[in-house]
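Quick note: the sequence shown, position 383, residue 383 per full-length UniProt numbering, numbers continuous.
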Amino acid sequence: MEMRYDKEIDDLFARFQKGVALIKGDPSLFRGKLYMSVKDVNPNDQKGVLDEFVTKVQKLVGANKESNFLLDLYSGQLDINCSPPLGTIGYYQSLMHAQNFVENSLGGDKDMGFRSGKAFLNCIRLVLAKITILDWTSLDEGTKQFQLSEICSQLPGVIRTGCIVPQEYVTKEGVIASYLKEDILSGSNGKVLDVDVQTMCTEYPAMAEKWGVLNAHVNFDKLSDWTIDFGFDCCSTSDETVAHVHNAMKMLLQRFLDMNESVRVHMCGNGHECQGMCDEKGICRVDVFLKQSSKTFTGARGSFQFTFQEMNGSRKKCSMLLPPGQQTHQGAHTCIHVSDGDQVGEIIHYCEVRCPCCSYFCKKKHGHFGSHTTSHGNMRNTYFLSDAEEIDVEERKYKTGERGIAEMCNVYCSKMGREHVHYVNCDQRSTAKCVYSGSTTDQRRHCIRALDPKPEKEVDEILHEQFWKTLGWEDPCTSKLELELFGKCGYKCDAPIHDDKPSYCILPAWHTPEPKPSSGFDGFTYVSGHKFECSHVASGGKIHHVFVLDCSGSMRGHPWNDLLAAVREYIYNRIADGGSLDLVSIVTFDSSSKIVYEAQNITTLTKAGIPYRGGGTTFAAGLRAASEVLSRVNFDVYKPAVVFFSDGQPCDPLPGEQLALHIKACYQKYGLLAFAVGFGRINLSILERVAQKMGGAYHQVLTGNELKTTFFNISASLSSRAGLALANPVHERNCVICGQDLASEETVNLKPCDHELHTACLEVLVRNAEQDGECARCPSCRCKISS
Numbered sequence: 001m002e003m004r005y006d007k008e009i010d011d012l013f014a015r016f017q018k019g020v021a022l023i024k025g026d027p028s029l030f031r032g033k034l035y036m037s038v039k040d041v042n043p044n045d046q047k048g049v050l051d052e053f054v055t056k057v058q059k060l061v062g063a064n065k066e067s068n069f070l071l072d073l074y075s076g077q078l079d080i081n082c083s084p085p086l087g088t089i090g091y092y093q094s095l096m097h098a099q100n101f102v103e104n105s106l107g108g109d110k111d112m113g114f115r116s117g118k119a120f121l122n123c124i125r126l127v128l129a130k131i132t133i134l135d136w137t138s139l140d141e142g143t144k145q146f147q148l149s150e151i152c153s154q155l156p157g158v159i160r161t162g163c164i165v166p167q168e169y170v171t172k173e174g175v176i177a178s179y180l181k182e183d184i185l186s187g188s189n190g191k192v193l194d195v196d197v198q199t200m201c202t203e204y205p206a207m208a209e210k211w212g213v214l215n216a217h218v219n220f221d222k223l224s225d226w227t228i229d230f231g232f233d234c235c236s237t238s239d240e241t242v243a244h245v246h247n248a249m250k251m252l253l254q255r256f257l258d259m260n261e262s263v264r265v266h267m268c269g270n271g272h273e274c275q276g277m278c279d280e281k282g283i284c285r286v287d288v289f290l291k292q293s294s295k296t297f298t299g300a301r302g303s304f305q306f307t308f309q310e311m312n313g314s315r316k317k318c319s320m321l322l323p324p325g326q327q328t329h330q331g332a333h334t335c336i337h338v339s340d341g342d343q344v345g346e347i348i349h350y351c352e353v354r355c356p357c358c359s360y361f362c363k364k365k366h367g368h369f370g371s372h373t374t375s376h377g378n379m380r381n382t383y384f385l386s387d388a389e390e391i392d393v394e395e396r397k398y399k400t401g402e403r404g405i406a407e408m409c410n411v412y413c414s415k416m417g418r419e420h421v422h423y424v425n426c427d428q429r430s431t432a433k434c435v436y437s438g439s440t441t442d443q444r445r446h447c448i449r450a451l452d453p454k455p456e457k458e459v460d461e462i463l464h465e466q467f468w469k470t471l472g473w474e475d476p477c478t479s480k481l482e483l484e485l486f487g488k489c490g491y492k493c494d495a496p497i498h499d500d501k502p503s504y505c506i507l508p509a510w511h512t513p514e515p516k517p518s519s520g521f522d523g524f525t526y527v528s529g530h531k532f533e534c535s536h537v538a539s540g541g542k543i544h545h546v547f548v549l550d551c552s553g554s555m556r557g558h559p560w561n562d563l564l565a566a567v568r569e570y571i572y573n574r575i576a577d578g579g580s581l582d583l584v585s586i587v588t589f590d591s592s593s594k595i596v597y598e599a600q601n602i603t604t605l606t607k608a609g610i611p612y613r614g615g616g617t618t619f620a621a622g623l624r625a626a627s628e629v630l631s632r633v634n635f636d637v638y639k640p641a642v643v644f645f646s647d648g649q650p651c652d653p654l655p656g657e658q659l660a661l662h663i664k665a666c667y668q669k670y671g672l673l674a675f676a677v678g679f680g681r682i683n684l685s686i687l688e689r690v691a692q693k694m695g696g697a698y699h700q701v702l703t704g705n706e707l708k709t710t711f712f713n714i715s716a717s718l719s720s721r722a723g724l725a726l727a728n729p730v731h732e733r734n735c736v737i738c739g740q741d742l743a744s745e746e747t748v749n750l751k752p753c754d755h756e757l758h759t760a761c762l763e764v765l766v767r768n769a770e771q772d773g774e775c776a777r778c779p780s781c782r783c784k785i786s787s
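Put into structure tokens, the structure is as follows:
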């Protein structure tokens, strides 16, 4: 890595921290040391580089004392090597340092590492497979299944040769070369095991007879058909009568087999495994399935590829062994081997509660206390709500109302960052009765903004931390630094100097306005009640404000005086917020237009006079002059903001709308902020259309005081809020028996669990249970269904 602790390395450590809790459950993983080599470091700078790295690592580890990547992934071991520039003596000495580290730290400890290269390969294959399908469940179960599958494939070769041989040589005749044979090693001490008939008969005398029979292997493929008389080959004749008889015999045999399956009678003297399903409370096993490695999300604003996987729960068969002649056993069906003794406690049944967002099962033991937890997947039970029509989640572009299936619980929150919100139904169903105030304590408040699509019920907006607490689940994001960030205010300084590293308000999310201290400059900048560590101009950087004011005959007297007071209020507010370097242009219009002031410093216009004329109302005249002013703005330094004001009906509505659309097309790319303010009740729908054409917001006011308040609010930039709201989970929208949408047919709610099924599916479930002489149970929770 380069000789600087830059943003890329910071992000690398942050990603390490996010992945701490993902891959787990195998003691052979993550037992090494973190070795970092910093290249091109002059000898005089080595101490400074080491101090910088150690300080950064200590800060990250200190914020995540309970679980951090250095402790969990590298056993708390860190080694930093500073490599001098190429060609110096120190460079080759640093290579010797790296060699000693590999030989002594990696290869010197016999307890570390893997028994063989094959064991390492199998472990890596399993880990990469789980990462590919985003399966963050424990490795324990996957390792057992992997080993069992491997043993089953190797068993024929072991029985035949006493060694492990390649799969393709298991059925081959002839001598197998010795280099293809691999000794069978004991898992406990690594000793070579001899597996042959004599040894097995000696070790297990009770199985000697069966081993002998197994050893007398006859290869039927080597026998010719004529050496054994199997009777007449009816398939070899072309006689149609014989073919009909052959088909009839097959149908009779199939009928016999069907009838035989309906009668469960033991036909031999051996014991059998119980075929019932486990009745223990909870889920026996959870599996993550990658249904399709890549799906395409197609929305109104484009399409993109994403990975989709789901977690399903299943029940194991009963593990009880039935003695010969018995069809039932005492006690309930269970998948726990009673003979395991002290190992019973290691076999757990998982909690059957699913995450409301992604439908992943809780991975804790059934009946656990405290919050649920899981590894989380695609948020298929959510959809986007916002007061803005378009939503950008990094490079992915959504429109309100679209599903959040492409996002994942932990990854989505990381992308949204500061002050991001989620939406939940309001408990009180009205603003007046809602008990949440939006304080930094409850982190929840009633949503009063107009959301799209309009929710069916009243909703609250809730911050990240409180959202997961409200749902009763542990936070899917594990990084303490990231969790602290979610609770911070999202108000951002848009000054060009912050393009590479944004500057945000340092106060908590939803804080009360922070007043600027009267004692003087304290090292912080205060903008609209927000507090910044940067000490330059305020929230929007430098802004060129363009006022387009209606001075027609209807504005004579008090309306004109109220308008001038509102403009001055706007200017004073911007100066108080630190925008003393802003520029202001003022255009007045009636039947014609006039540029009264252009590109004047905002501090010079606090008491400037604006002449009144009186005449007709022509929107095109005012907007044409505004476009002229905007064409001369230095967009490298100033962001344009247009405030258009009128109180009446123009004589040219269509040209006015066309000019508004032209202004948006030309200057939106420079971050144009546009506002239209209507005064009174006289046909102001045209003003609303003008605001829409300019890509801005529309405000209507009725009195002079309302006008001052509106201009004051416009002077502070407002940010929109986008978030995900919960929809009904898939397992609640689809019938768990047939998998079809519950809305497609008549349904019934089961008692007492209240799960919903298709009526026809329930009838089949009850009928099958009666035929088996058992009680019908809910397929979701295994509760007995009451009539």
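Using N, Cα and C, we set each Cβ at its ideal position, and we do this for glycine too.
Beta-carbon proximity list for residue i, same chain, < 7 angstroms, skipping 5 on both sides
{"i": "Y597", "result": "V584, S585, I586, L605, A608"}
{"i": "Y638", "result": "K542, I543, H544, L583"}
{"i": "E182", "result": "C163, I164"}
{"i": "S593", "result": "V587, A621, G622, R624, A625"}
{"i": "V49", "result": "M3, V38, V41, C82"}
{"i": "G615", "result": "S552, G553, D590, S591"}
{"i": "Y91", "result": "S83, P84, P85"}
{"i": "G487", "result": "L463, E465, P508, A509"}
Residues bridged to residue i [DSSP beta-bridge criterion]
{"i": "G678", "result": "S646, Q700"}
{"i": "R354", "result": "F361"}
{"i": "D79", "result": "Y35"}
{"i": "M694", "result": "According to DSSP, M694 bridges with nothing at all."}
{"i": "I283", "result": "Y350"}
{"i": "L549", "result": "T588, F645"}
{"i": "I164", "result": "E182"}
{"i": "R777", "result": "K784"}
{"i": "V459", "result": "N425"}
{"i": "W560", "result": "W560 pairs with nothing; no bridge assigned."}
{"i": "C473", "result": "Checking the displayed sequence, the identity of residue 473 turns out to be Trp instead of Cys. Per DSSP, H372."}
{"i": "G313", "result": "V286"}
{"i": "H544", "result": "L583, P640"}
{"i": "Q305", "result": "T296"}
{"i": "V527", "result": "H530"}
{"i": "H272", "result": "L322"}
{"i": "L757", "result": "V748"}
Proximity test, residue i beta-carbon vs the ligand ADP heavy atom, cut-off 7 angstroms
{"i": "P323", "result": "With respect to the ligand ADP, the structure shown offers nothing to examine, as it has no ligands at all."}
6 angstroms CB neighbourhood of residue i in its chain, flanking five on each side removed
{"i": "E456", "result": "none"}
{"i": "P653", "result": "I686"}
{"i": "A769", "result": "A776"}
{"i": "Q771", "result": "none"}
{"i": "S719", "result": "Because S719 sits at a pLDDT of 38, beneath the cut-off of 50, its placement in the model cannot be relied upon, and the following sentence gives the value as read from the coordinates. Same-chain partners within the cutoff: there are none."}
Cβ separation of residue i and residue j, assumed to be a contact under 8 angstroms, to the nearest whole Å
{"i": "T603", "j": "I575", "result": "6 angstroms"}
{"i": "T298", "j": "Q305", "result": "About 11 angstroms; that fails the 8 angstroms criterion."}
{"i": "F308", "j": "N247", "result": "So it is not a contact: roughly 46 angstroms between Cβ atoms."}
{"i": "A461", "j": "C447", "result": "Here residue 461 is Glu; the residue named in the question, Ala, does not match the sequence. Confirmed, about 5 angstroms."}
{"i": "V546", "j": "V642", "result": "5 angstroms"}
{"i": "A509", "j": "G529", "result": "That belief does not hold up - the Cβ atoms of A509 and G529 are roughly 13 angstroms apart, past 8 angstroms."}
{"i": "H366", "j": "G282", "result": "3 angstroms"}
{"i": "Y412", "j": "V424", "result": "With a Cβ gap of about 16 angstroms, Y412 and V424 do not count as contacting."}
{"i": "K397", "j": "R301", "result": "4 angstroms"}
{"i": "T374", "j": "C357", "result": "Not quite, the Cβ-Cβ distance comes to about 10 angstroms (not below 8 angstroms), so this is no contact."}
Residues near residue i in its chain [Cβ-Cβ closer than 8 angstroms; skip 5 each side]
{"i": "V435", "result": "D427, Q428"}
{"i": "D342", "result": "Model confidence at D342 stands at a pLDDT of 45, short of 50, so the residue's coordinates are unreliable and nothing is read from them."}
Three-pair Cβ contact test at 8 angstroms for the region 543 to 556 versus the region 642 to 657: yes
Ranges of the alpha helix (DSSP H) found wholly within the region 584 to 663, counting only runs of at least 4: 619 to 630
Meets three-Cβ-pair contact criterion under 8 angstroms: the region 390 to 408 and the region 501 to 508: no
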